[in-house]
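Numbering (our numbering), first residue to last: 260 to 438.
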């Protein structure tokens, strides 16, 4: 619909678009990039965590805005540019940097924990199972970490490169291997 392009309504409009279409397209992200604090392209779409909107620039700046007024609450510089994310995990945000760091960032912008990706780049989105985050590497290793601390819990080497992250299927996880 044609609605006024008021800065204070932008996030509400993005919620409406995401709820209606299930995703945000490039034009919608371009509208968010017009917010004063964002002078460079976004690495991914906006993410809502509680009463904050989180966006990440391609250079590695994480911006946290208060909703609904889009007041910039905090700007966090990542240790290197983003390779993946952000993804909401409960009240936190997961980000992977190009230096293969897995960061868990609280809604206030503080780093809750940081971990190296011991098995290389992710094959797809991690999933949450209870208090555990389950990840899969392109090299074929599935592993889990405690979502509160990032401490490793378990791992299994499938000895086959993976094309996707884990997908829950009943009581099992499904991944797609690369032949």
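All C-beta atoms, glycine included, are put in the ideal place defined by N, C-alpha and C.
Review point. Using the rule of at least 16 other Cβ atoms within 10 Å of the residue's Cβ for burial, across every protein chain shown, is residue 371 buried or exposed?
Key: buried
Review point. Are the CB atoms of residue 411 and residue 400 nearer to each other than 8 Å?
Key: no
Check your understanding: According to the Cβ coordinates, are residue 346 and residue 385 closer than 8 Å?
Key -> yes
Review point. DSSP state of residue 342, grouped into three classes?
Key: strand
Exercise for review: State the Cα-Cα distance for the pair residue 417 and residue 434, rounded to the nearest angstrom.
Suggested key: 10 Å
Point to revise | From 317, 397, 363, residue whose alpha carbon lies closest to that of residue 391 | key: 363
Point to revise | Environment of residue 406 [buried if 16+ CB atoms lie within 10 Å] | key: buried
Practice item. Could you check the C-alpha separation between residue 295 and residue 420 for me, to the nearest Å? Key: Unreliable positioning characterises residue 295 in this predicted model, as indicated by a pLDDT of 49, which lies under 50. A coordinate reading is not provided.
Check your understanding: How long is the line joining the alpha carbons of residue 309 and residue 323, rounded to whole angstroms?
Key -> 11 Å
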